[in-house]
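Remarks on the structure that follows.
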Amino acid sequence: MRNVLISGAGIGGPALAYWLTRHGFQVTVVEKAPALRPGGQAVDFKGETHLTVLRRTGILDDVRRLQTGGTDQEIVDANGRKLALLPGAFTAGDLEIKRGDLARILYERSAPHCEYVFGDSITSLTETPGGVQVTFERTAPRTYDLVVGADGIHSNVRRLAFGPESDYVRHLGYYYALADVEEDFGPMPQMYNEPGRMVATGGPKAPAFFVFASGPLAYDRYDGEQQKAVLARAYQGMGWQTARIIEAVRRSDSVYLDSISQVRIDRYARGRVALLGDAGYGNTLGGFGSGLALVGAYVLAGELAAAGGEHRAAFAAYERLFKQYARIARNGNAGPFLAPPTAARIRMRNWMFRSSLLMGLMTKMGDKYASDIALKSY
């Protein structure tokens with residue numbers, strides 16, 4: 112089984128395409144967006160496992176060349192007075208890079224050896240004894256031996272092959288937003304909290320970054336103006352520079368709003384269809400998403416190669432090896448940490464940042480989880 116369709120050209124999709132083509136598979140990557148998405152929030156890698164996979168993929172030097180580096184961020188009160196410092200080393204791990212830069216590196220490594228189709232999306236998957244018949248919004252139908260969904264926490268492939276998103280994605284009570292803004296809010300990245308709300312400028316995620324508590328919201332994830340309106344309502348009346356920041360967001364051409372959610376699924380594969388990255392084990396803002404996608408691509412491709420393309424054995428091995436490693440994605444919620452629900456919890460969170468002992472322990476725990484898998488040499 113050597114003909115594979117991958118949905119998603121973010122991190123996991125191009126990484127899987129790279130490894131599958133190295134193992135002799137024929138690969139097509141379909142991506143809904145019309146082109147690679149530039150820029151975006153910073154993603155980080157931590158621990159020896161992440162660095163080993165970057166090295167084996169041949170991109171470690173490229174990532175180091177384009178790394179953004181950890182940036183310290185002040186936590187301030189409504190008057191701009193510093194309350195605590197969020198160390199850049201805590202958020203950046205061993206290496207930090209913009210998501211768009213990493214996606215481009217992986218695309219450039221894989222594109223010469225596979226087919227990329229941008230501006231298209233899968234509309235149906237029909238499994239037969241000989242493969243998976245796939246229809247698309249624009250491209251003519253084709254049949255593939257295997258299909259992999261590497262298309263994010265709102266995975267289209269997961270919906271088509273496993274069932275509705277509501278069965279597998281758990282809303283964790285918060286939303287986040289990223290916005291590119293042109294205004295200068297000062298030389299130092301800063302974060303401000305009120306109960307259930309956080310706004311930050313100049314930090315590692317985006318020029319403007321928001322986290323706020325909310326139940327499920329109805330809006331179009333592809334409509335920037337609707338997202339701006341949701342954000343403006345959520346931050347009405349908030350102090351500090353928030354009103355000015357929201358005005359800057361209104362003028363922005365790049366705004367992204369989504370829920371903080373967690374994928375809960377027992378199996379990463381069904382028949383000839385498998386899930387990779389956030390589609391199978393996503394936890395928004397959990398700090399491990401890109402690392403899990405990169406390591407998952409390496410393991411999935413390696414097991415398919417080791418099994419000679421026999422998908423049942425390969426998918427079973429992928430699940431067996433990866434489920435324990437991906438368990439970090441089944442725990443935690445960044446929402447209450449970034450936007451604590453009460454003034455007392457905000458003070459407690461700030462106190463934790465002032466404790467070098469606690470920060471050191473949290474960093475060591477993150478490194479331990481990130482390295483908790485024995486990598487094979489496929």
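In the numbering used here, the protein residues as written are 112 to 489.
Yeah, the Cβ is synthetic: ideal placement off N, Cα and C, and Gly gets one too.
Here the structure is a predicted model, which means the values were calculated and not measured.
With respect to the alpha helix (DSSP H) encompassing G241, which residues constitute its N-terminal and C-terminal limits?
Segment: none, G241 is in no alpha helix (DSSP H) and carries neither H nor E.
Between R113 and E294, what straight-line distance do the alpha-carbon atoms span, to the nearest angstrom?
Each residue's Cα considered, the two are about 50 Å apart.
Would you kindly report the start and end of the unbroken alpha helix (DSSP H) that includes L403?
400 to 417
I want to know whether the region 246 to 254 touches the region 265 to 278 - three or more CB-CB distances under 8 Å.
no
Among R281, A261, V243, which residue has its Cα nearest to the Cα of R253?
V243
Would you say D155 and L217 are within 9 Å of each other, going by their C-beta atoms?
no
Under the three-state reduction of DSSP, which class applies to S372: helix, strand or coil?
strand
Round the Cβ separation of Q152 and M302 to the nearest angstrom and send it over; I've been treating them as touching at under 8 Å.
Q152 to M302, Cβ: 15 Å. No contact.
Assuming contact is defined by CB atoms lying nearer than 9 Å, are N444 and Q373 in contact in what I supplied?
yes
Name the DSSP bridge partner or partners of I208?
V154
Tell me whether the beta-carbon of S118 lies closer than 9 Å to the beta-carbon of I233.
In this structure, I233 lies closer than 9 Å to S118 by Cβ.
At which residue ranges does the region 256 to 282 contain complete alpha helix (DSSP H) runs of 4 or more residues, listed in the order of the chain?
267 to 272
Could you have a look at L116 and say whether DSSP puts it in helix, strand or coil?
strand
Note down the Cα distance separating G230 from V140, rounded to an integer number of angstroms.
11 Å
So who's on the other strand from A290, going by DSSP bridges?
A319, V366
So, is T239 buried or exposed, given that buried needs 16 or more other C-beta atoms within 10 angstroms?
exposed
Restricting to Cα atoms, I'd like to know which of Y255, V228, M309, S221 is closest to L236.
Y255
Roughly how far, in whole angstroms, is the beta-carbon of F321 from the beta-carbon of V310, given that I think they are within contact range, below 8 Å?
5 Å
Just to confirm my understanding: we take K316, look at its own chain, exclude 5 residues before and 5 after, and list those with CB closer than 7 Å. What are they?
Q152, A153, L289
What three-state label does DSSP hand G348 in the structure shown?
coil
Pull up the distance between the alpha-carbon of R332 and that of R441, whole angstroms please.
Rounded to whole angstroms, R332 and R441 show a C-alpha spacing of 24 Å.
Just mark S401 as buried or exposed, buried being the case when its beta carbon has 16 or more other beta carbons within 10 Å.
buried
Find the nearest neighbour of T312 within the set E305, P300, V187, judged by alpha-carbon distance.
P300
Can you check DSSP and say which residues form a bridge with Q137?
N114
Do the region 121 to 129 and the region 404 to 411 touch if we need at least three Cβ pairs shorter than 8 Å?
Enough Cβ pairs lie closer than 8 Å, so yes.
Report the three-state DSSP secondary structure of L396 (helix, strand or coil).
Correct three-state label for L396: coil.
Using a Cβ-Cβ cutoff of less than 6 Å, which residues in the same chain neighbour E305 once the five nearest sequence positions on both sides are dropped?
M349
I think A390 touches G260, with their Cβ atoms under 8 Å apart; what is that distance to the nearest whole Å?
4 Å
Taking the alpha-carbon of D377 as reference, which of D369, Q352, Y392 has the nearest alpha-carbon?
The shortest Cα separation from D377 among D369, Q352, Y392 belongs to Y392.
With three or more C-beta pairs closer than 8 Å as the rule, is the region 173 to 180 touching the region 414 to 421?
Too few Cβ pairs lie closer than 8 Å, so no.
If you count every other CB in all the chains shown that lies within 10 Å of the CB of S277, and 16 or more means buried, which is it?
S277 is exposed by the Cβ-count criterion.
Are L403 and Y436 close, meaning C-beta to C-beta below 9 Å?
yes
With a CB to CB cut of under 8 Å and the five nearest residues on each side skipped, what residues in its chain are close to I357?
For I357, same chain residues with a beta-carbon under 8 Å away, outside a window of 5 residues either side, are L342, A343, Y346 in chain order.
Tell me which residue opens and which closes the beta strand (DSSP E) that T453 is part of.
First-last for T453: undefined, no H or E at that position.
Return helix, strand or coil for L432, following the three-state DSSP convention.
helix
Below 8 Å on the Cβ atoms is my guess for L213 versus Y287; work out the distance and round it to an integer in Å.
Between Y287 and L213 the Cβ distance is about 20 Å, and since that is not below 8 Å, they are no contact.
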